[in-house]
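A.B. asks: Protein chains in written order, with this note's numbering: chain A, 7 to 639; chain B, 7 to 639. Handing you this structure, nothing more for now.
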């Protein structure tokens, strides 16, 4: 078979591919990350590219307009070369490095180091050192070297189940004598035991480090931590390269299950994403891979499975069973992480298929499981994961919010990247003022922008309580299309994409379904313990999306409960922070397992109460206006 | 540098070596095992070879006669080629496959399977399977697969600390569903935990096997065991290839410490020796390597260190400290054994540098640690290792008997191989009748033959109580030499080596020192607990040498206590039998650790009591004749 030469513009990169490969595959080969929300299924239309020269096969054309087709636009995932090609990939079709949340808007809801001790969570890191001075052996006190060492380590640390590997055993005798029976012993928390990971003669001053990792469906974050001091030396955030196989966990699972090598591709993608960040942060701080001795990761259940290379098949199929919730630590070399090959990698425990280690991590770091206050923790994304409880009990649930909050299923929806509309103001005479991220020309609307937009449209009575455009208004911004009515936010002249940016009734309907699911979930949890909304002392908003959320807007549309603003706290990426806490304190690491054991998972698809609540929540803000007194007023 | 061609006769094998290599190295390269008791030091004289053609460098000539030197004999370890060579290696200089003890003369002193239960030692093997039937998950009972499995395995086995590796985790979900929630779970005893080593769908009928291994300084023995039934399918014995680096543990340690790559050579030699036996026994029984899932080895402390690849340096230097007594299990792949790479290899615990896992293994399998009877266990070799005790207490000691019992330090001494004199009878008129192993022409005298010889010479009053030849006798068999008087056992005409086979006063003196050390050790142990010799209910003789020992002879020369013959039992290779017991019962495996903990090690070099006893024992049978009433009579 002949190979074809594919040249990409404006990058000016060329690759050779076989006639059976798609243009998307060619782009991948060229190292260009192209959007692919549907996982190459030809339905999302995000991988649109322009064929400048050459011919391609025919394929799906979803979301491409007649004009675009006439100009030579194709979906990269659908077409294969018939000749050599020159392809232009526009900025809109590329995965850009968007703002990854390594720092948060606030962390008022999170534990401070000073509090750890009070909560019994202070303790040594998962890798740490103890200095020992041993009594030298004599003819009458002739214990073997290992007993001599472990007896003293046990005395100092109180740890009974000490293990050690053959490599450490091999160097034990010479090390103890080289240090004249003084030695620095490095201990690592493994799976149900503590390992003597290394031993150096005398008082060793070697530095050793750990990584706290958050594995999000969209982004991954790595903290580099000095384990001797607990100091976070640096953090790096980036895309999860799995995105090219689909935007959400479901498309990823489908890819893993249905594609040959799909699981390996997803595993390698996330490991590759992490390794890039690890390489960078290590280089910046002059740390060698071999000095990184412990890793704690937190991610949702699917991400955790893919990180470990475990097939996530049954997460997606009723009754939704993960292979593993409480994950045993594994060696870094078995995952291919760029750290010490023998480093233990701890994955924080999942609760169920759709409440993962990122949530237990969040519960840990908020301290809600040690608090008398009734706390609601919400992490909103494609799924809304929520935990309600206090030191006595914890309930968790997950509701499928759909992709609307992340810009999916919305015609001009996009992630919170440069040019995304994040604030909308209706001016007198129905003018519209849009503020965008980075103040660039508007190219779409992100989740928080969408919430603001709908709250604003509702405030201005442009839409009614059901989300429909008011039939009384006759303004040019509201117009009918084949797909129903829409409202023009930005005229083509002002937009960065050369066309009008609009919001349609369908978009609004999608968002109402999303917010309705979240609110219904909150109501069902409260119903289980027979408490009113007012009983909640504190609402903690976690995650990347939450970071950009406007509370007033969210209450206005009925996404969040109508409680005083001071009860709301933004805690940012609590997943990586809980991973960090677990890394620097074995007590916290143990506590997160206890939290996972203690948490009751509420399966919303069982029984009718969720469905009833969901239907009631499909209004702006809700059927029952008494639940939203401030909005009603 | 030119390479020289070395041809070996009668093998007709040729190899090329560099001028810096010795002829011994060349023989090794040609795969010919040459004796080398001193480890290539040029002192033992066992590697004598005849240079038929070519020239070699000069070197030590220890033990070579003037005639031999004139004929062209050299020590292979001492000379390097100056030209191409043709070398004749006589049978006497070769390590021959001598009788390796896989079966013993008796096992009356050993535990029977029926007794195990009474002693609390019955239990599952170190690798075994349990069959589980799990309740399928539902939406309301949605535990993850791993919890579902471990809960049931815990319920069935009572084992709390269950672990499993990533590979098993990866196949868990599909296996459980393939077997419709019925599965066979394979459990392996690791280091302080039980590992779910594998899982198969439904009721699996896979066979799985284990190995019990004895690693002796001279020989190694392997039992192949069907772990489902406990049946010993076959056993193989062979040489420990380390022998080419020296006969005893001290020369091996010197080689490990002083030679570049010495440790690696010794480690590879023992692993290679074992792998040959393993390959053979597996082939004979149609077992694949991957089916061998667990290994238990027992050996003396030095052998255990070398087996694991741990430097034995400090075993030899005062205060004689091993790196490890209670050895953590290691993976087979880390040792290079030809079994399943993930199989755990358990090494039975040592007590001290000169009382090793072979002895604790013996104590286990004799049941002496569970018995009310006072038992003395003796394993005689270069070292005499002894354990005295009962269910309340155990004392162990080791005395350096020297190499006399294994034929070392004796002019015509040799191991118990074909042609070795094992019985000597003095005929009327001082004729001598010698019985040899295999009834071949006599070529030397083995340890048990030497004891018989000395007992016989003493009975016939040819030697006196100090071991000197009677000055009253004037017979042609007694003659003076430069090295003192000697007694001709076999005239050159009748010998297989073309020269007289003699026993000298020096030989006798060496043997008296050896037997004196053993007896003194026994006396010191008894002294510690203030008991007379008669208090011993049972004396168990273990090991290859013990197997050939004549009790009457041994008592006559004062090697063993003067107790009724019925108190003596031969238990053969108790080391491999204890390894076998530990392999097929985890309770026995645990018990051997308890035995090791319980045992008090008596360092004979501390204080004067051993020295006093030793001096008193340097007579035939002893200074104090009241200790040997039957001999005295």
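For glycine and all other residues, C-beta sits at the position ideal for the given N, C-alpha and C. No experiment lies behind these values; they were computed from the predicted model shown.
My assumption, with CB atoms under 8 angstroms, is that residue 562 of chain B sits in contact with residue 627 of chain B. Please give the rounded CB distance.
C.D. replies: As a working mapping, residue 562 of chain B is identified with position 556 in the second chain. As a working mapping, residue 627 of chain B is identified with position 621 in the second chain. So it is a contact: roughly 7 angstroms between Cβ atoms.
A.B. asks: Return helix, strand or coil for residue 232 of chain B, following the three-state DSSP convention.
C.D. replies: Translated into the one-based positions of the second chain, residue 232 of chain B becomes position 226. Correct three-state label for residue 232 of chain B: strand.
A.B. asks: Anything in chain B within Cβ reach of residue 180 of chain A, meaning under 8 angstroms, just list it in chain order.
C.D. replies: Position 174 of the first chain, counting from 1, holds the residue named residue 180 of chain A. Neighbours of residue 180 of chain A on chain B, chain order: 317, 319.
A.B. asks: Give me, in chain order, the residues of the same chain whose beta-carbon lies closer than 6 angstroms to that of residue 464 of chain A; leave out the 5 immediate sequence neighbours on both sides.
C.D. replies: To locate residue 464 of chain A, count along the first chain from 1; it is residue 458. Closer than 6 angstroms at Cβ, skipping near neighbours: 626.
A.B. asks: Which first and last residues belong to the alpha helix (DSSP H) in which residue 463 of chain B is found?
C.D. replies: One-based indexing of the second chain puts residue 463 of chain B at position 457. Looking at the DSSP string, the run of the alpha helix (DSSP H) that includes residue 463 of chain B is 453-465.
A.B. asks: Classify residue 38 of chain A as helix, strand or coil using the three-state DSSP reduction.
C.D. replies: By one-based count along the first chain, residue 38 of chain A stands at place 32. Reduced to three states, the DSSP call for residue 38 of chain A is coil.
A.B. asks: Quick one: using the 10 Å Cβ neighbour count with 16 as the cut-off for buried, is residue 592 of chain B buried or exposed?
C.D. replies: Here residue 592 of chain B is taken as the residue at index 586 of the second chain, counted from 1. With 16 or more other Cβ atoms within 10 Å, it is buried.
A.B. asks: Where do the ends of the alpha helix (DSSP H) carrying residue 277 of chain B lie?
C.D. replies: The sequence position of residue 277 of chain B within the second chain is 271, counting from 1. Run containing residue 277 of chain B: 268-290, per the alpha helix (DSSP H) assignment.
A.B. asks: Looking only at DSSP bridge pairs, what is residue 169 of chain A linked to?
C.D. replies: On the first chain, position 163 is the one that residue 169 of chain A refers to. Beta-bridge pairing links residue 169 of chain A to A:201.
A.B. asks: Can you find the residues in the same chain that come closer than 7 angstroms, C-beta to C-beta, to residue 379 of chain A, ignoring five residues on each side of it along the sequence?
C.D. replies: The residue labelled residue 379 of chain A in the question sits at position 373 within the first chain. Answer for residue 379 of chain A: 396, 543, 544, listed in chain order.
A.B. asks: Report the residue ranges of all beta strand (DSSP E) runs contained in full by the segment 352-427 of chain A; include only those spanning at least 3 residues, in chain order.
C.D. replies: Entirely contained in the segment 352-427 of chain A, the beta strand (DSSP E) runs reaching 3 residues are, in chain order, 381-386, 389-395, 400-406.
A.B. asks: Taking only runs of the beta strand (DSSP E) that begin and end inside the segment 489-577 of chain B, which ones reach a length of at least 3 residues, in chain order?
C.D. replies: Correct list: 490-496, 507-510, 544-548.
A.B. asks: Evaluate the contact criterion for the segment 325-336 of chain A versus the segment 158-178 of chain B: three or more CB pairs, one atom per stretch, below 8 angstroms.
C.D. replies: Counting Cβ pairs under 8 angstroms, three or more are found: they touch.
A.B. asks: Considering Cα atoms alone, identify which of A:298, A:259, A:306, A:160 is closest to residue 239 of chain A.
C.D. replies: The residue labelled residue 239 of chain A in the question sits at position 233 within the first chain. The shortest Cα separation from residue 239 of chain A among A:298, A:259, A:306, A:160 belongs to A:298.
A.B. asks: Run through the segment 54-93 of chain A for me and flag every whole beta strand (DSSP E) of 3 or more residues, listed as ranges in chain order.
C.D. replies: Listed in chain order, they are 54-59, 79-81.
A.B. asks: Which of helix, strand or coil does DSSP assign to residue 193 of chain B?
C.D. replies: Along the second chain, one-based indexing puts residue 193 of chain B at 187. The answer is strand: DSSP assigns residue 193 of chain B an E or B state.
A.B. asks: Check the Cβ of residue 402 of chain A against every Cβ in chain B and list those closer than 9 angstroms, keeping chain order.
C.D. replies: In the first chain, the residue the question calls residue 402 of chain A occupies position 396. Those do not exist, as residue 402 of chain A stays about 12 angstroms from chain B at its closest Cβ, beyond 9 angstroms.
A.B. asks: Using a Cβ-Cβ cut-off of 7 angstroms (strictly less than) and excluding sequence neighbours within five positions of residue 32 of chain B, which residues of its own chain qualify?
C.D. replies: The count along the second chain starts at 1 and reaches residue 32 of chain B at position 26. Cβ neighbours of residue 32 of chain B beyond the five flanking positions: 12, 21, 23.
A.B. asks: Going by DSSP, what residue range makes up the alpha helix (DSSP H) through residue 621 of chain A?
C.D. replies: Start at 1 with the first residue of the first chain, and residue 621 of chain A comes out as number 615. Residue 621 of chain A -> alpha helix (DSSP H) spans 615-622.
A.B. asks: Please return the same chain residues whose Cβ sits closer than 7 angstroms to the Cβ of residue 629 of chain B, not counting the five positions on each side in sequence.
C.D. replies: By 1-based counting over the second chain, the position of residue 629 of chain B is 623. Result list for residue 629 of chain B: 622, in chain order.
A.B. asks: Exposed or buried, what is residue 18 of chain A when buried is set at 16 or more other beta-carbons lying within 10 Å of its beta-carbon?
C.D. replies: The sequence position of residue 18 of chain A within the first chain is 12, counting from 1. With fewer than 16 other Cβ atoms within 10 Å, it is exposed.
A.B. asks: For residue 174 of chain A, which of helix, strand or coil comes out of DSSP?
C.D. replies: On the first chain, position 168 is the one that residue 174 of chain A refers to. The answer is helix: DSSP assigns residue 174 of chain A an H, G or I state.
A.B. asks: Under the assumption that residue 140 of chain B contacts residue 155 of chain B (Cβ atoms under 8 angstroms), give the Cβ distance between them as a whole number of angstroms.
C.D. replies: In the second chain, residue 140 of chain B corresponds to position 134, counting from 1. In the second chain, residue 155 of chain B corresponds to position 149, counting from 1. Right, their Cβ atoms sit about 7 angstroms apart.
A.B. asks: Mind checking residue 558 of chain A: buried by the 16 CB within 10 Å criterion, or exposed?
C.D. replies: One-based indexing of the first chain puts residue 558 of chain A at position 552. Exposed is the call here.
A.B. asks: Got a sec, what are the start and stop residues for the alpha helix (DSSP H) residue 469 of chain A sits in?
C.D. replies: Translated into positions along the first chain, residue 469 of chain A becomes position 463. Here residue 469 of chain A belongs to no alpha helix (DSSP H), and DSSP marks it neither H nor E.
A.B. asks: Take every Cβ of the segment 568-585 of chain A, pair it with every Cβ of the segment 276-292 of chain A, and state whether three or more of those distances are shorter than 8 angstroms.
C.D. replies: Counting Cβ pairs under 8 angstroms, fewer than three are found: no touch.
A.B. asks: Assign residue 498 of chain A to buried or exposed, taking buried as 16 or more other Cβ atoms, counted over all protein chains shown, within 10 Å of its Cβ.
C.D. replies: If you number the first chain from 1, residue 498 of chain A lands on position 492. Residue 498 of chain A is exposed by the Cβ-count criterion.
A.B. asks: Identify whether residue 339 of chain B lies in helix, strand or coil by the three-state DSSP scheme.
C.D. replies: Along the second chain, one-based indexing puts residue 339 of chain B at 333. Here residue 339 of chain B sits in helix by DSSP.
A.B. asks: Label residue 389 of chain B either buried or exposed according to how many other C-beta atoms from any shown protein chain fall within 10 Å of its C-beta, with 16 as the threshold for buried.
C.D. replies: Counted from its first residue, the second chain places residue 389 of chain B at position 383. Burial call: buried.
A.B. asks: When the distance is taken between beta carbons, is residue 602 of chain B closer than 8 angstroms to residue 580 of chain B?
C.D. replies: Taking the second chain and counting its residues from 1, the one referred to as residue 580 of chain B is at position 574. Taking the second chain and counting its residues from 1, the one referred to as residue 602 of chain B is at position 596. Against a cut-off of 8 angstroms, the Cβ pair of residue 602 of chain B and residue 580 of chain B comes out as no contact.
A.B. asks: State the beta-bridge partners of residue 475 of chain A as determined by DSSP.
C.D. replies: For the purposes of this step, residue 475 of chain A is identified with residue 469 of the first chain, where counting begins at 1. BP columns for residue 475 of chain A point to A:469.
A.B. asks: In whole angstroms, what separates the C-alpha of residue 320 of chain B from that of residue 348 of chain A?
C.D. replies: Residue numbering aside, residue 320 of chain B sits at position 314 when the second chain is read from its first letter. Residue numbering aside, residue 348 of chain A sits at position 342 when the first chain is read from its first letter. In a straight line, the C-alpha of residue 320 of chain B is about 28 angstroms away from that of residue 348 of chain A.
A.B. asks: On the DSSP bridge assignment, give the partners of residue 227 of chain B in chain order.
C.D. replies: On the second chain, position 221 is the one that residue 227 of chain B refers to. Beta-bridge pairing links residue 227 of chain B to B:220, B:243.
A.B. asks: Check the DSSP bridge columns for residue 304 of chain A and list the partner residues they point to.
C.D. replies: Numbered from its first residue, the first chain carries residue 304 of chain A at position 298. According to DSSP, which records beta bridges pairwise, residue 304 of chain A is partnered with A:220.
A.B. asks: Counting only Cβ pairs nearer than 8 angstroms, list the residues of chain B close to residue 169 of chain A.
C.D. replies: Here residue 169 of chain A refers to the residue found at position 163 when the first chain is read from its first residue. Residues of chain B passing the Cβ test: 197, 198, 334.
A.B. asks: With 8 angstroms as the threshold, decide whether the Cβ of residue 110 of chain A is near any Cβ in chain B.
C.D. replies: As a working note, residue 110 of chain A is residue 104 in the first chain. Low confidence applies here, because residue 110 of chain A scores a pLDDT of 46, under 50, leaving its location unreliable and the question unanswered by this model.
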